[in-house]
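Working notes for the structure below.
Numbering (this note's numbering), first residue to last: -11 to 300.
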């Protein structure tokens, strides 16, 4: 029986009350998360771990890789993990750029630490988001490229020359453009404009919940980059699919209000998304009138191709 591909999510931190950043995520919680995702229409995804100490991340990666391995054995037609997205810890620690990541664990890239993380995941890391300025010699990016791991810039503020050098070393993506940067940035010399200037060399992921980006801006950027260079990600946390309340992302409490948006306890910034890809698709179809061809590319086939998944 041929497995029909649904949504492919390159960045999801949790769903249905389950946080993938738990230190000891259980097999039962993992199975429940797979069921939630399958019900929403997702068939392939990258559970995402955010910044923590290298020691803690190694433990989380080892546990999560075992759970991912188990999901491969699920019957055709169900949801399964096809890799892990490691978002951090090699990120810019400046306010605004660090976003919801714990600043105390953000750090410059050291090759030995990166190799420890990759080894702990037992071959399951498929995407790493890092700040190019934290890897000034490009050694980390070159190592990841040799390991056939996709490299994205994100939570970063590199100069355009640093970004060009990172691309030359193997970086090819930018994670959730338009977010993880300060609310007030220089008019011209800023990370968003640098990425737009290099759009012919980069692919981008965008969060389509209507809060992380205004829908008119989302629509404009998709037109600008082209359908083949964009993938929609949920960036969902454990609150996705649930009512307003207090939820968890790693070690931090997250408040979800009546608008369904997860925010930090001090209400200063978003903490992931409360929406699934299914909900985002409905929003884009109803508010932006995206064609079925565009939906197929942005929610399914682009991400699948970038990961090298077999065709349907």
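Glycine is no exception: its CB is placed at the ideal position from the N, C-alpha and C atoms.
- About 20 Å separates the Cβ atoms of residue 221 and residue 49, ruling out a contact at the 8 Å cut-off.
- Straight through space, the alpha carbons of residue 123 and residue 96 are spaced by roughly 7 Å.
- The Cβ atoms of residue 261 and residue 197 lie closer than 7 Å to each other.
- Among the bridge pairs identified by DSSP, residue 36 is matched with 73.
- The residues 158, in chain order, have a CB closer than 6 Å to that of residue 133 in the same chain once the five nearest residues on each side in sequence are set aside.
- Distance from the CA atom of residue 208 to the CA atom of residue 82, rounded to whole angstroms, is 28 Å.
- Boundaries cannot be given for residue 142, as no alpha helix (DSSP H) includes it and DSSP labels it neither H nor E.
- Under the DSSP assignment, residue 59 falls in the alpha helix (DSSP H) whose first and last residues are 42 to 60.
- Between residue 39 and residue 90, the C-beta gap is smaller than 7 Å, which places the two residues in contact.
- Between the alpha carbons of residue 200 and residue 166 lies a gap of roughly 8 Å.
- In this model, residue 290 and residue 14 are separated by some 31 Å (Cα to Cα).
- Here DSSP, grouped into helix, strand and coil, assigns residue 120 to helix.
- Ranked by Cα distance from residue -5, the options 299, 296, 292 and 248 are led by 292.
- Between residue 42 and residue 88, the C-beta gap is not smaller than 7 Å, which leaves the two residues out of contact.
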